[in-house]
Amino acid sequence: MFCFPKTVVAPSVFEPYCLADKITVSSSKNYVIVDISIQDEEYGDWIEGEGWLAQLVQLRDDILQGDYRVFYLAWLKAASIAIEEGEDEEDLVEPPVPANLKKLPDAIGTFIELFDTALASVMRYTKLKYKYL
């Protein structure tokens, strides 16, 4: 879950990455809340919490600088789970492919490891071409 001041970012920025019950955007009087709830039964291992948060903190700063790659990767993972749960692939609207997917910062690498968002495993669920990777 990410929380951002409304004075810094509008909720509409995150709407392309929303996927029912998996990636949602809500707001309060002063904040925009993006909740990523990826629950993949196949990879339901226990996660030891030590060290993860420190490695992920940079994501928030990157997002505030306009780097939405983590949301795109989260969407890919969420979409692959939705399809496995019976969602029609044609009903999914892929968000814009962000730039610089070839070079991911360490914080996104940690996110990928944490959520098992391996690009190779979700490529079949997206129109993303390998030339972007």
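To convert, note that position 56 of the sequence shown is 1227 in the working numbering; the numbers rise steadily by one, no gaps. Idealized CB from N, CA, C, for every residue including glycine.
In the structure shown, residue 1233 adopts helical secondary structure according to DSSP, grouped into three states. Just measuring C-alpha positions, the residue of 1276, 1249, 1200 and 1227 sitting nearest residue 1181 is 1200.
Segment contact: the segment 1254-1264 against the segment 1223-1237, fewer than three CB-CB distances shorter than 8 Å; contact not assigned. Here residue 1209 really is in contact with residue 1245; their C-beta atoms are around 7 Å apart, less than 8 Å. Minimum Cα-Cα distance from residue 1172 among the listed residues 1195, 1273, 1262 and 1240 corresponds to 1195. Looking at 1184, 1263, 1206 and 1186, the one whose alpha-carbon comes closest to that of residue 1192 is 1206. CA-CA distance, residue 1223 to residue 1241, rounds to 15 Å.
Considering only 1262, 1248, 1263 and 1239, the residue with the shortest C-alpha distance to residue 1272 is 1239.
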